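Chemist: Dropping the structure in here first, questions after.
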Amino acid sequence: MVARVNIICGPLGSGKSTAILAMLQQQPKDETWAVLVNEIGDVGIDGVAMGREVFVRELAGGCMCCANGLPFRVALTELLRRKRPDRVLVEPSGLGRISEIFKLLREAPLATAINLAATICVVPADKHDALWGASDVYADQLYGADALVVNRRDTAVPDAAAAVEGFCRAFYPPKHVALATRGRFDAKLLDATPTDRVIVEPTGLVPAGGTTRVDCGDGATRIESEREGRRLVGWLLRGWRFDRKRLENGLAALATPPLDRAKAVFLTRGQGVFLAHWWGTAAVDLSTIPAVAGDSRVQLIFEQQDDTQSATHGTSAVPFSFPSLRLSATANQERLDYVERFQSFLHDARLSKGN
Numbered sequence: 001m002v003a004r005v006n007i008i009c010g011p012l013g014s015g016k017s018t019a020i021l022a023m024l025q026q027q028p029k030d031e032t033w034a035v036l037v038n039e040i041g042d043v044g045i046d047g048v049a050m051g052r053e054v055f056v057r058e059l060a061g062g063c064m065c066c067a068n069g070l071p072f073r074v075a076l077t078e079l080l081r082r083k084r085p086d087r088v089l090v091e092p093s094g095l096g097r098i099s100e101i102f103k104l105l106r107e108a109p110l111a112t113a114i115n116l117a118a119t120i121c122v123v124p125a126d127k128h129d130a131l132w133g134a135s136d137v138y139a140d141q142l143y144g145a146d147a148l149v150v151n152r153r154d155t156a157v158p159d160a161a162a163a164v165e166g167f168c169r170a171f172y173p174p175k176h177v178a179l180a181t182r183g184r185f186d187a188k189l190l191d192a193t194p195t196d197r198v199i200v201e202p203t204g205l206v207p208a209g210g211t212t213r214v215d216c217g218d219g220a221t222r223i224e225s226e227r228e229g230r231r232l233v234g235w236l237l238r239g240w241r242f243d244r245k246r247l248e249n250g251l252a253a254l255a256t257p258p259l260d261r262a263k264a265v266f267l268t269r270g271q272g273v274f275l276a277h278w279w280g281t282a283a284v285d286l287s288t289i290p291a292v293a294g295d296s297r298v299q300l301i302f303e304q305q306d307d308t309q310s311a312t313h314g315t316s317a318v319p320f321s322f323p324s325l326r327l328s329a330t331a332n333q334e335r336l337d338y339v340e341r342f343q344s345f346l347h348d349a350r351l352s353k354g355n
């Protein structure tokens with residue numbers, strides 16, 4: 001059986017995961033679907049959020065096409081063999097170049113095992129103007145897609161959503177265009193007729209840096225890395241449980257610069273499991289997701305500054321240590337301060353083991 005493969009791409013925070021969850025609700029009863037999700041970070045949040053909905057294979061810690069695409073090839077091959085799905089929804093990182101993924105899918109042995117169906121780019125109406133013309137990765141996603149889905153219209157400034165829709169409908173080469181409400185659109189778009197695709201050549205991508213894992217004690221592991229011009233700081237929090245009210249109050253106060261993007265899964269004690277995500281100063285979206293077997297986890301994403309100065313950060317006052325992040329001086333010191341504030345928040349929002 002040859003599986004249909006749809007790539008669901010888009011920039012960070014465009015709502016790709018929400019769109020996939022909405023599509024899964026429209027899955028035909030006589031079909032088996034699977035998801036291959038790739039996160040820029042190292043803590044694996046999207047896979048946890050989707051894990052109860054469908055068979056999920058997750059790639060965390062970099063782009064699908066890194067290391068000659070070997071992790072992607074292995075993951076997709078394993079998924080096809082184990083689940084034998086009728087359709088696979090592939091969610092690349094928001095910083096991933098889909099033109100590179102196309103190349104991998106057209107090479108043996110994947111080329112004969114799959115049918116590359118429509119590629120859908122989720123276009124964030126509230127972030128499009130800032131991204132278009134500034135990111136060749138975003139251009140690669142738009143030009144490589146068969147369909148453009150305008151999302152996040154409810155959070156865009158007045159008239160912006162209509163302007164972005166007009167941009168998409170006037171795009172050349174022409175694309176299928178749909179409007180989404182909180183990520184939901186007609187799943188029939190998955191079988192849309194392919195359109196002409198244009199490959200956008202990179203103008204100087206920043207190579208991925210190494211990943212550092214630090215055992216912070218008390219079940220906490222901090223993971224730091226650099227990818228595609230972003231600095232990432234994340235935590236895996238084994239056995240940690242949180243209070244919802246403390247989460248709501250604390251996260252609202254942390255939706256401030258210099259944070260670019262954040263996503264988290266928080267397990268509580270008797271209050272459910274919550275997925276939190278926000279972009280910069282936007283309001284924090286805290287939603288309930290199905291119960292999962294796993295741990296709380298957080299991923300922070302910062303814009304990386306193009307300089308080489310470094311600053312040293314001292315020992316934190318909260319219960320687990322926080323060594324230097326090697327961030328540059330001045331502006332990057334703000335990141336250090338932010339990370340320490342976020343770390344303090346995690347400690348304050350955590351329930352004691354006896355509660």
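The sequence shown begins at 1 in the UniProt record's numbering and counts up by one. From the three backbone atoms N, C-alpha and C, an ideal C-beta is built for every residue, glycine too. Keep in mind it's a predicted model, so treat the numbers as computed, not measured.
#1: May I ask which residues mark the beginning and end of the beta strand (DSSP E) holding Ala220?
#2: According to the neighbour-count rule (16 or more other Cβ atoms, all chains shown, within 10 Å of its Cβ), is Val206 buried or exposed?
#3: Could you check if Thr221 is buried or exposed, using at least 16 other CB atoms within 10 Å of its CB as the buried criterion?
#4: If you draw a straight line from the alpha carbon of Asn115 to that of Ala252, how long is it in whole angstroms?
#5: Would DSSP call Val298 helix, strand or coil?
#6: Cβ of Pro173 within 8 Å of Cβ of Ala118?
#7: Starting from the C-beta of Glu248, find all residues in its chain whose C-beta is less than 7 Å away, skip the five residues before and the five after it, and write them out in chain order.
#8: Could you spell out where the alpha helix (DSSP H) holding Ala161 opens and where it closes?
#9: At the level of alpha carbons, what is the spacing between Trp235 and Arg297?
#10: Relative to the C-alpha of Leu346, which candidate in Leu267, Gln271 and Gln333 has its C-alpha closest?
#11: Report buried or exposed for Ala162, applying the criterion of at least 16 other Cβ atoms within 10 angstroms of its Cβ.
#12: Is the distance from the Cβ of Asn38 to the Cβ of Glu91 below 8 Å?
#13: Output the distance between the C-alpha atoms of Thr315 and Val164, rounded to the nearest integer angstrom.
#14: Return the first residue and the last residue of the alpha helix (DSSP H) that Asp191 is part of.
#15: Classify Val157 as buried or exposed, calling it buried when 16 or more other Cβ atoms lie within 10 Å of its own Cβ.
#16: Return the bridge partner residues of Ser287 from the DSSP annotation.
#17: Apply the 10 Å Cβ neighbour rule to Lys188 and answer buried if 16 or more other Cβ atoms are within range, or exposed otherwise.
#18: For the beta strand (DSSP E) holding Ala147, just list the boundary residues, first then last.
#19: Any contact between the segment 15-27 and the segment 126-142? By contact I mean 3 or more CB pairs, one from each, below 8 Å.
#20: Using the rule of at least 16 other Cβ atoms within 10 Å of the residue's Cβ for burial, across every protein chain shown, is Gly41 buried or exposed?
#21: Is Ser352 helix, strand or coil by DSSP?
#22: For the alpha helix (DSSP H) that Pro71 lies in, which residues bound it at each end?
#23: Around the Cβ of Asp337, are there at least 16 other Cβ atoms within 10 angstroms (buried) or fewer (exposed)?
Modeler: Taking the definition as stated:
#1: Ala220 to Arg227
#2: Per-residue confidence for Val206 stands at a pLDDT of 37, beneath the threshold of 50, marking its modelled position as unreliable; the derived number appears in the next sentence. Flag for Val206 reads exposed.
#3: buried
#4: 44 Å
#5: strand
#6: no
#7: Leu286
#8: Ala160 to Arg169
#9: 6 Å
#10: Leu267
#11: exposed
#12: yes
#13: In this prediction, Thr315 has a pLDDT of 35, which is less than 50 and means its spatial position is unreliable; nothing more can be read from the coordinates.
#14: First-last for Asp191: undefined, no H or E at that position.
#15: exposed
#16: Leu275
#17: exposed
#18: Ala147 to Asn151
#19: no
#20: Note that Gly41 scores a pLDDT of 48, beneath 50, so its modelled location is shaky; the value from the coordinates is reported in the next line. Classification of Gly41: buried, given that the 10 Å Cβ count is 16 or more.
#21: coil
#22: Leu70 to Lys83
#23: exposed
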